[in-house]
Structures are given as structure tokens and as C-alpha cells.
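Colleague:
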Amino acid sequence: MHMDSHSIISQIYEASTNELDWVSLRKTLFEYLDAEAGTFRFRDADGRSTNVFQTSELGEDPYSNYYLQIDPIRSAISKLEPAVAGAETVVFVDEVVDANLYRRSEFYQDFARLNGREHMLIGLIGDSDHTIMSFFREGRAFGTNERRALAHLLPHVRRGLQLRRKMYRSELQSRLTYAAFEALPGNALVVDGNCNVLFANASAMKFLACRGLPISMSRMSSGVGTRLVVERGEGSRFRQIVQNAAQGGSGGAMRIEFDAPERDRIGQLAVFASPLPAQESPVGTPVLILINDLSQPRSAPPCVFSELFGLSAAEGAVAAALLGGQTAEVVARDRDVSLDTVRTQIRTVLRKTDAANLRDFERIGALLGAFAH
Numbered sequence: 001m002h003m004d005s006h007s008i009i010s011q012i013y014e015a016s017t018n019e020l021d022w023v024s025l026r027k028t029l030f031e032y033l034d035a036e037a038g039t040f041r042f043r044d045a046d047g048r049s050t051n052v053f054q055t056s057e058l059g060e061d062p063y064s065n066y067y068l069q070i071d072p073i074r075s076a077i078s079k080l081e082p083a084v085a086g087a088e089t090v091v092f093v094d095e096v097v098d099a100n101l102y103r104r105s106e107f108y109q110d111f112a113r114l115n116g117r118e119h120m121l122i123g124l125i126g127d128s129d130h131t132i133m134s135f136f137r138e139g140r141a142f143g144t145n146e147r148r149a150l151a152h153l154l155p156h157v158r159r160g161l162q163l164r165r166k167m168y169r170s171e172l173q174s175r176l177t178y179a180a181f182e183a184l185p186g187n188a189l190v191v192d193g194n195c196n197v198l199f200a201n202a203s204a205m206k207f208l209a210c211r212g213l214p215i216s217m218s219r220m221s222s223g224v225g226t227r228l229v230v231e232r233g234e235g236s237r238f239r240q241i242v243q244n245a246a247q248g249g250s251g252g253a254m255r256i257e258f259d260a261p262e263r264d265r266i267g268q269l270a271v272f273a274s275p276l277p278a279q280e281s282p283v284g285t286p287v288l289i290l291i292n293d294l295s296q297p298r299s300a301p302p303c304v305f306s307e308l309f310g311l312s313a314a315e316g317a318v319a320a321a322l323l324g325g326q327t328a329e330v331v332a333r334d335r336d337v338s339l340d341t342v343r344t345q346i347r348t349v350l351r352k353t354d355a356a357n358l359r360d361f362e363r364i365g366a367l368l369g370a371f372a373h
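Residues in the sequence shown are numbered consecutively from 1, following our numbering.
1) In the DSSP output, what is Arg103 paired with across the bridge?
2) Measuring only the C-alpha atoms, how far is Leu154 from Ala179?
3) Looking only at its chain, what residues have a beta carbon closer than 8 Å to the beta carbon of Phe30, apart from the 5 residues adjacent to it on each side?
4) Among residues of its own chain, excluding the 5 on either side of Ser24, which ones have a beta-carbon nearer than 8 Å to its beta-carbon?
5) Less than 8 Å separating the beta-carbons of Glu146 and Asp34?
6) From Gly235 to Glu182, what does the alpha carbon distance come to, in whole angstroms?
7) Closest to Ile77 by C-alpha separation, out of Gly116, Glu106, Ile122, Asp46, would be which residue?
8) Can you have a look at Glu280 and say buried or exposed, based on whether 16 or more other CB atoms are within 10 angstroms of its CB?
9) Cβ atoms of Glu315 and Val349: under 8 Å apart, would you say?
10) Among the candidates Arg74, Leu150, Asn51, whose CA atom is the shortest distance from the CA of Met3?
11) Judging by CA-CA distance, which residue of Gly186, Ala273, Ile73 is the nearest neighbour of Ser203?
12) Which residues mark the beginning and the end of the alpha helix (DSSP H) in which Ala332 is found?
13) Per DSSP, what kind of secondary structure is Ala87 in: helix, strand or coil?
14) With DSSP run on the structure shown, which of helix, strand or coil describes Asn349?
15) In the DSSP assignment, find the unbroken beta strand (DSSP E) run with Gly38 in it and report its ends.
16) Rounded to whole angstroms, what's the CA-CA distance from Leu323 to Lys166? Just pull it up for me.
17) Quick one: Cα of Ile70 to Cα of Val91, how far?
18) Between Pro302 and Val287, which are expected to be in contact by the criterion C-beta below 8 Å, what is the C-beta distance as a whole number of angstroms?
19) Answer yes or no: the CB of Arg347 versus the heavy atoms of the ligand FAD, is any distance below 7 Å?
20) Tell me Ile199's beta-bridge partners as DSSP assigns them.
21) Can you list the alpha helix (DSSP H) stretches of 4 or more residues lying completely in the segment 287 to 319, in chain order?
22) Residues in the same chain with beta-carbon distance under 6 Å from Leu208, minus the five sequence neighbours each way, listed in chain order, please.
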């Protein structure tokens, strides 16, 4: 035990966070405690239980398949209350089971003795799973020095496992969050209050790479990260609604017009900013940005408006037509009804959708159009 315990403690945390493989830690601990073999089986955050000290040893499969069920030491430890930090977290075999009965047991005669487990040093991690770290050797029993040394390390093993589980949950939550954003139809981004891009789905990346758009992702002067930028006179308004959402407000929506000669019409983008729930985020409340190209209308079908807002079939058709960029006059002509009838239907659409005006209704429709495809 001439090794530096501080170095071993560092390796424990490195193994717990996957910066070091468990086999390397196993070799270090065996040398430190003068052990010939050992086991460290714990239940990971994903529910799997693995002996990280014997992932390919000859005795592991028989133990896992049968002897784990009849192991009298593990059975006795499972009945103990979770251990507290200190010397009592490290035990010898005869402190948890009757030594004579143990040596006459099937487990000892057919497995432990044949696999070099004559003498055992057992560390109780102290968690609710009754996780243990065991070390074995033949010929010489472990003594108080080894017991004290292992007791010094166990609190760090416990915290390492806690850190490992916390990191797993955080990583899993992050994966699920980004997978959900990636699955969003349309162009979706997440930015902070300064419009720095935290995430952009594949659709948004492809769309914003198009030339001639008044909104783009611009690489920051530092060379690290990108920022969502709206050009011309709409930039100030865009930053305002993003900052509003980032500071706990409701965000907002805006329509940006631009020249689109290749489309032979004026291009229009609907941009919607909404706060996302976040707890103790270092960048404040993250903001979801949805960008819908009104120049390439993706209006939801009339039936969607009817089902969601209780519109009649005629009112749903008018709602869908308005989102296609048509004026009331054109809708009246196409539907072969009077202009007064269409205007009455428009007022009903605004009332039933709780839209303040046509621009507000376009924001609602842009969202529906994105999610309906």
C-alpha cells in the first residue's frame, strides 16, 4: 500500500465518468490492497448490472448464472441497513456470516474456494442497492491495514457512482430533448437571449443555408458558435421578441418580407419566438424559434381548423385560403360568394381562434401549417 491514495481517488472518479476503463482501476486497487482478484458489481443508471472487475474472467458467467443466487455473503449484506461512512463499511466474511457454515456451503465448496476466494475483504458502498466491492486472495487473510485503506476509498466510490448516475440521466434527458426538436416538422431552432444558436434541427440548417433570405446563422467573430441574425430593419424587432421570451415573457411573432425574384413574388417569412421551460439554465430561459416560409405556403387543411376551433366547413376553407396569402376579394371570387359573406366568415374565424387580427391569425396558422405536415 505504498501507492498514493489521492491518485487512486482520482482514478475512481475517472472510471465512474468513463474517462478511465474499469480494468485499469481494478489493477490499481488490486496492487494497492495486495489482492489477487475481486468483484465490483453495481446497477448502472440504465438498469443493467455488470461486474466491472470481471467482465471477461472465467468465473463470472457461472457466478452470474447460478452462484449469485446462493451467495450467502451477498444475501446477508442485502439484509443490512445501508452502511454509513467509516471503518464499519468494510467487513470480513466472519462478520456477516458464520465462518464454519460458510465454509461448508455449496457456494464456498463449489465456487469460492475454486476461484481463489478463500479470504475476502468486503466494502459496503452504502447505497440502497447494497452494492459491494470485494477483494480476494488465498493463503493470507486481509488485515486492519487493508481494511482501513479500503474504508478511506469507499466514500469516493459511493460519490463516483452517484455522479455516474446523474451524468447518465442528464445525458439521456439531453438526447431526448434534442431528438424531440429534431423531430419537429419545419425549421426549428433554440437560441439564448442574445440569439446565440444552441440547437438547430436539420430542416432549419438546410433552410437557412439558402441564399437571399433575410435571416441566417452567422458565425461569431470569435470563431466559436453561431448567432441567428435578421438583416435590414427587422433585426431590432427580432431581438426584442427573443429577449422578451428569454426574460420570462411570452415572446412574439413577426412577418418578414424580402425580394424573391426566382419565385416571381415578394417572399415572406413567419418567425415565431416562444420561451422554453428551463431550470437553473446558465443562459437564461432558452427560446424556441420556428421559421415558416409563407412564400411556399404549407397551410393546414381546412378540416384541421374546423376540428381545432369549431369552424364550419366553409369557415375552415376561408381560414386555409387566407393563410395561402389570398385577400378577402380573391377568396370571395374563388368561392363564388359575396365579399360581405367572406368578411363575416373572417370575423368568425378571428373570434373562434382568439386571434387579435389577421397578422395574429397568420402566426397561429404558420404553427399549424408546420405541425400538420
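Here a beta-carbon is modelled for each residue, glycine too, at the ideal position from N, C-alpha and C.
Modeller: In short:
1) Answer is none; Arg103 lacks a bridge partner.
2) 37 Å
3) Glu36, Ala37, Gly38, Phe135
4) Gln11, Ala15
5) yes
6) 26 Å
7) Ile122
8) Here the model assigns Glu280 a pLDDT of 49, short of 50, so the residue's position is not dependable, and the following value carries that caveat. Glu280 should be labelled exposed.
9) yes
10) Leu150
11) Gly186
12) 328 to 335
13) A caution first: Ala87 carries a pLDDT of 46, below 50, which makes its placement in the model unreliable, though a value can still be read off. Helix.
14) Per the sequence presented here, residue 349 reads as Val, with Asn not at that position. DSSP places Val349 in helix when its eight states are reduced to three.
15) 37 to 43
16) 46 Å
17) 19 Å
18) That belief does not hold up - the Cβ atoms of Pro302 and Val287 are roughly 31 Å apart, past 8 Å.
19) This structure lacks the ligand FAD, and indeed carries no ligand of any kind.
20) The amino acid occupying residue 199 in the given sequence is Phe; Ile does not appear at that position. Phe199 pairs with Val190.
21) 302 to 309
22) Ser216, Met217
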